[in-house]
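Enquirer: Heads up, the sequence shown is in my numbering, so the first residue is 1 and it goes up one at a time. Backbone N, C-alpha and C define an ideal beta-carbon position, used for all residues, glycine too.
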Amino acid sequence: MPKFSGQLTDRRRALLGLGAVLACPAVIGRAEAQAIPASFTGNGPVTRGADVTVQRVNTRQPVVALTFDDGPHPRLTPQLLDILRAANVRATFYMIGRNVARYPQLVARVAAEGHEIGNHTWSHPSLYGRSDAGVLNEIDRTSLAIQDAVGRPPVTMRPPYGNFYDRQRLMLYAERNMPTVLWSVDPQDWRRPGSSVVRQRIVGSAHPGAVVLAHDIHGPTVRAMPSTIDGLSARGFRFLTVSELIGWPRWDQRRIRIAARSPRS
1 MPKFSGQLTD RRRALLGLGA VLACPAVIGR AEAQAIPASF TGNGPVTRGA DVTVQRVNTR
61 QPVVALTFDD GPHPRLTPQL LDILRAANVR ATFYMIGRNV ARYPQLVARV AAEGHEIGNH
121 TWSHPSLYGR SDAGVLNEID RTSLAIQDAV GRPPVTMRPP YGNFYDRQRL MLYAERNMPT
181 VLWSVDPQDW RRPGSSVVRQ RIVGSAHPGA VVLAHDIHGP TVRAMPSTID GLSARGFRFL
241 TVSELIGWPR WDQRRIRIAA RSPRS
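1. Rounded to the nearest angstrom, what separates Q61 and F237 at their Cα positions?
2. Any chance the CB of Q188 is under 7 Å from a heavy atom of the ligand MN?
3. So what does DSSP say about C24, is it helix, strand or coil?
4. DSSP has T92 in a bridge; who is on the other side?
5. Do the segment 195-204 and the segment 168-176 meet, that is, are 3 or more Cβ pairs less than 8 Å apart?
6. Less than 8 Å separating the beta-carbons of H120 and R90?
7. Taking DSSP as the reference, what is the three-state secondary structure of T77?
8. Can you name, in chain order, every residue of its own chain whose Cβ lies under 8 Å from the Cβ of H124, other than the five neighbours on each side?
9. So, at 6 Å on beta carbons, what are the nonlocal neighbours of Q79 in its own chain, with the 5 sequence-adjacent residues on each side left out?
10. Counting C-beta neighbours from all protein chains within 10 Å, is the total for N177 16 or more, i.e. buried, or is it exposed?
11. With 16 as the cutoff for other CB atoms within 10 Å, does S126 come out buried or exposed?
12. Could you name the residues of the same chain whose beta carbon sits closer than 7 Å to that of R199, not counting the 5 residues immediately before and after it, in chain order?
13. Less than 8 Å between the beta carbons of L213 and D252, yes or no?
14. Does the beta-carbon distance from A108 to V150 come in below 8 Å?
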């Protein structure tokens with residue numbers, strides 16, 4: 001039985017306080033070290049689906065965010081972490097909640113090495129057609145697992161397959177203050193085209209403000225990363241986490257927590 005199944009009802013009450021805890025992301029600021037215009041507009045209420053979705057950031061600065069989905073993988077994720085550390089690159093990992101619960105020490109290493117961790121649902125379903133309660137259950141369980149592993153919850157969510165209606169994105173932003181992060185560069189590495197093709201597609205398609213999609217559960221993708229990083233660097237690109245790219249403070253430098261609420265709240 002999953003770790004959270006017996007505790008989920010009580011602990012979801014705690015997660016309902018996350019909207020207040022994540023009030024900072026709801027008011028879009030700028031990281032002190034960056035001046036990158038985010039794709040979000042204004043600080044007022046969210047009224048359109050596009051306001052809660054990030055596919056790329058409009059900027060002329062040569063910056064990209066490398067993102068890796070579906071892990072952590074017990075063998076490949078450590079290899080990728082070694083590659084990123086050697087290159088002094090920080091990335092963002094959109095993790096599946098049940099994998100987080102299975103490999104908490106590996107998740108802790110990802111965070112300890114300065115990478116960002118995002119929410120990729122508990123069991124990787126398509127969220128099309130899911131009720132709001134069903135969507136929040138998938139996301140809340142994952143946020144709780146990440147909180148348990150590293151001491152802070154994720155602040156962005158990526159839906160499996162990108163399947164998330166605008167109305168669902170608005171609901172998630174309203175209920176949890178979490179934007180939906182998609183991508184602007186997709187090497188389709190899940191088709192396993194080979195390391196050289198993955199590298200060529202990423203390096204050739206990268207653009208300022210790009211969000212690059214990849215997966216740390218595929219060996220050829222991990223093996224492509226040294227030459228991919230070299231190729232992007234040769235084009236003058238710098239590497240940021242998703243939070244940095246959209247102008248927020250670094251995720252690992254924010255001490256946010258899921259705060260329990262009183263029974264009357």
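Expert: Based on what the coordinates show:
1. Numbered from its first residue, the sequence shown carries residue 61 at position 61. Numbered from its first residue, the sequence shown carries residue 237 at position 237. Spanning the two alpha carbons is a distance of roughly 8 Å.
2. This structure does not include the ligand MN; it has no bound ligands of any sort.
3. As a first step, residue 24 must be located in the sequence shown, where it is residue number 24. Note on C24: pLDDT 39, under 50, position unreliable in the model; the coordinate value appears next. Here C24 sits in helix by DSSP.
4. For this step, residue 92 is matched to residue 92 along the sequence shown. Note: T92 sits in a beta bridge opposite T67, E116.
5. no
6. As a working mapping, residue 120 is identified with position 120 in the sequence shown. As a working mapping, residue 90 is identified with position 90 in the sequence shown. No; because the gap between Cβ atoms is not below 8 Å, this pair is not in contact.
7. In the sequence shown, the residue the question calls residue 77 occupies position 77. Here T77 sits in helix by DSSP.
8. Start at 1 with the first residue of the sequence shown, and residue 124 comes out as number 124. Counting only Cβ-Cβ distances below 8 Å, and skipping sequence neighbours, we find D70, I96, P160.
9. Looking up residue 79 in the sequence shown gives position 79. Taken in chain order, the residues that qualify are V222.
10. For the purposes of this step, residue 177 is taken as the residue at position 177 of the sequence shown. With 16 or more Cβ atoms within 10 Å of its Cβ, N177 is classed as buried.
11. Along the sequence shown, read from residue 1 onward, the residue named residue 126 stands at position 126. Exposed: under 16 other Cβ atoms inside 10 Å.
12. Walking along the sequence shown from the start, residue 199 turns up at place 199. Hits under 7 Å: A224, S227, T228, G231.
13. Residue 213 sits at position 213 when you count from the first residue of the sequence shown. Residue 252 sits at position 252 when you count from the first residue of the sequence shown. No, the Cβ-Cβ distance between L213 and D252 is not below 8 Å.
14. Looking up residue 108 in the sequence shown gives position 108. Looking up residue 150 in the sequence shown gives position 150. Yes.
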